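A.B. asks: Sequential numbering of the sequence shown, starting at 698, is according to our numbering. A virtual CB, placed ideally from N, CA and C, is assigned to each residue, including glycine. This structure is a prediction, so every number in the text was calculated from the model and none was measured. Have a look at the structure that comes next, please.
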Amino acid sequence: MSDRAERCVPDSLIDDYARDGAIVVRQLFTVEEIELLREGIDANIASPSPRSIVASRPDDPGWFMEDFCNWQDNAAYRRFIEETALAGAAARLMRSRQVRLFHDHMLVKEPGTAQRTAWHQDQPYYNVDGRQNISFWIPVDPVPQEWTLEFVAGSHAGPWLMPRTFMTAEARWFPAGSLEEVPDVEADRPAYQILRWAIEPGDAVAFHMLTLHGAAGVQGTQRRRVFSVRLLGDDMVHAPRPWKTSPDFGGLSEELPAGSPMDHPLFPLLG
Numbered sequence: 698m699s700d701r702a703e704r705c706v707p708d709s710l711i712d713d714y715a716r717d718g719a720i721v722v723r724q725l726f727t728v729e730e731i732e733l734l735r736e737g738i739d740a741n742i743a744s745p746s747p748r749s750i751v752a753s754r755p756d757d758p759g760w761f762m763e764d765f766c767n768w769q770d771n772a773a774y775r776r777f778i779e780e781t782a783l784a785g786a787a788a789r790l791m792r793s794r795q796v797r798l799f800h801d802h803m804l805v806k807e808p809g810t811a812q813r814t815a816w817h818q819d820q821p822y823y824n825v826d827g828r829q830n831i832s833f834w835i836p837v838d839p840v841p842q843e844w845t846l847e848f849v850a851g852s853h854a855g856p857w858l859m860p861r862t863f864m865t866a867e868a869r870w871f872p873a874g875s876l877e878e879v880p881d882v883e884a885d886r887p888a889y890q891i892l893r894w895a896i897e898p899g900d901a902v903a904f905h906m907l908t909l910h911g912a913a914g915v916q917g918t919q920r921r922r923v924f925s926v927r928l929l930g931d932d933m934v935h936a937p938r939p940w941k942t943s944p945d946f947g948g949l950s951e952e953l954p955a956g957s958p959m960d961h962p963l964f965p966l967l968g
C-alpha cells in the first residue's frame, strides 16, 4: 500500500496540494476496493444511522442523503479505511508522520437532484484546530465535470468563513458577524480560480478542510454515490465548541481537554 501511495502521490502533487488546497489522485484504489466501498455505501443507504439526514428539499425531483460516523458498524467502510492506500496518501499530502481518522461521511445524490451543495469550508463546522488535515472525496460512480465537486484554489490559506445551514442559511455555529461571509462565487465565477475534475471510480479528490468548495445537483440517469473520509495529521488538536458541531461528538470535551491531541478510540491512528 505504501508503494501505491508513493506512486499515486508524487512530490509534484504534494506541492500542488500545499499551493491549491485541492487535488485529484488518479486510480488510488483498485477495482476490488471500490466494489467493497460500493457494497458499504449500499448497505448504509438501506440501513441509515440515526445521524443520517435528507439534505434535499421535499419538492426536489431527486434525493440527497448524507450519513456520518459509521465506520465502527459498517465492516466495508472499516476495511476500506484501514486496508487501502488511503492513510499512506494522506500522510504524504499532509506531510505528517501520523494519520488519524476523524470521521467518515457518505453522500448520495440520486438522478434528478436539483439541490446544490452550497459553497462552504468544512473546518468551521468541526471541533478541531490545526493545519495538517485532509478530506478524501471518493465516488464509486463516474462523475462528469457538470456535477463534480468544485474548489476555489488557494482558499485554504484563510480566512475562516461563516458556516451556515445549507437549507436555511442559519448561523448555528459561530455567532453572526464573527466571521467573514462566504463570497457569492456563483455570481462571479470568472473572478475565482475554480478547480474541478471528471472522476472515474478509483480516483479520489483530496482537499484541505478550509478549502472553499461546492457542487451542483445531479441530472440525467446516473447516481452519484460518494464516500468521504476526514483525516487528521500531527498538529491537529481538540477544539471544544459551545454548540453542537457537525458531526456531533457529544461528551468528548469531558474526555479530551481543549488543545489536546485527538487521542481517543473514536479517532484511531491509521499510520
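1) Between the region 887–898 and the region 798–806, do three or more beta carbon pairs fall short of 8 Å?
2) Considering only their Cβ atoms, is the gap separating Val915 from Val882 smaller than 8 Å?
3) Starting from Ile831, follow its DSSP beta bridges and name the residues at the other end.
4) Under 8 Å: do the region 852–863 and the region 916–926 share three or more Cβ pairs, one atom per stretch?
5) What is the rounded straight-line gap between the Cα of Ala815 and the Cα of Ala913?
6) Closest to Ser753 by C-alpha separation, out of Glu807, His961, Phe765, would be which residue?
7) Name the DSSP beta bridge partners of Arg921, please?
8) Straight-line CA distance for Gly947 to Asp770?
9) Taking Asp717 as the reference, which of Asp900, Arg893, Val926 has the closest Cα?
10) Determine the direct distance from the alpha carbon of Tyr714 to that of Arg776, and round the result to whole angstroms.
11) Quick one: what does DSSP say Glu703 is sitting in, helix, strand or coil?
12) What are the residues that DSSP puts in a beta bridge with Ile750?
13) Once the 5 residues before and after Ser746 are set aside, which same chain residues still bring their CB inside 7 Å of it?
14) On the DSSP letters alone, give me the boundaries of the alpha helix (DSSP H) that Gly737 sits inside.
15) Could you name the residues of the same chain whose beta carbon sits closer than 6 Å to that of Gln818, not counting the 5 residues immediately before and after it, in chain order?
16) Taking the C-alpha atoms as reference points, what is the distance between Pro944 and Val706?
17) The beta strand (DSSP E) that contains Ile778, what's its start and end?
18) Can you check whether the CB of Ile831 is closer than 8 Å to the CB of Met791?
C.D. replies: So, to answer that:
1) no
2) Residue numbering aside, residue 882 sits at position 185 when the sequence shown is read from its first letter. Residue numbering aside, residue 915 sits at position 218 when the sequence shown is read from its first letter. Not closer than 8 Å, so no.
3) Taking the sequence shown and counting its residues from 1, the one referred to as residue 831 is at position 134. Note: Ile831 sits in a beta bridge opposite Leu928.
4) no
5) Along the sequence shown, read from residue 1 onward, the residue named residue 815 stands at position 118. Along the sequence shown, read from residue 1 onward, the residue named residue 913 stands at position 216. In a straight line, the C-alpha of Ala815 is about 8 Å away from that of Ala913.
6) Position 56 of the sequence shown, counting from 1, holds the residue named residue 753. When each option's Cα is compared against that of Ser753, the closest is Glu807.
7) The residue you call residue 921 lines up with position 224 of the sequence shown. BP columns for Arg921 point to Lys806.
8) Working through the sequence shown from its first residue, we reach residue 947 at position 250. Working through the sequence shown from its first residue, we reach residue 770 at position 73. Their backbone Cα atoms lie some 18 Å apart in a straight line.
9) Here the question's residue 717 lines up with position 20 in the sequence shown. Selected option, being the one with the closest Cα: Arg893.
10) Against the sequence shown, residue 776 aligns to sequence position 79. Against the sequence shown, residue 714 aligns to sequence position 17. Those two C-alpha atoms are separated by around 26 Å.
11) Sequence index remark: in the sequence shown, residue 703 carries index 6 (1-based). Correct three-state label for Glu703: helix.
12) Indexing the sequence shown from 1 puts residue 750 at position 53. Per DSSP, the beta-bridge partners of Ile750 are Glu763.
13) For the purposes of this step, residue 746 is taken as the residue at position 49 of the sequence shown. Excluding sequence neighbours, Ser746 sits near Asp764, Asn767.
14) Against the sequence shown, residue 737 aligns to sequence position 40. Start and end: 728–743.
15) Residue 818 sits at position 121 when you count from the first residue of the sequence shown. Leu858, Leu907, Leu909, listed in sequence order.
16) Mapped onto the sequence shown, residue 944 falls at position 247. Mapped onto the sequence shown, residue 706 falls at position 9. When rounded, the distance between both Cα atoms is 29 Å.
17) The sequence position of residue 778 within the sequence shown is 81, counting from 1. Ile778 -> not in any beta strand (DSSP E); alpha helix (DSSP H) instead, spanning 772–780.
18) Along the sequence shown, one-based indexing puts residue 791 at 94. Along the sequence shown, one-based indexing puts residue 831 at 134. Yes, these two residues count as a Cβ contact at 8 Å.
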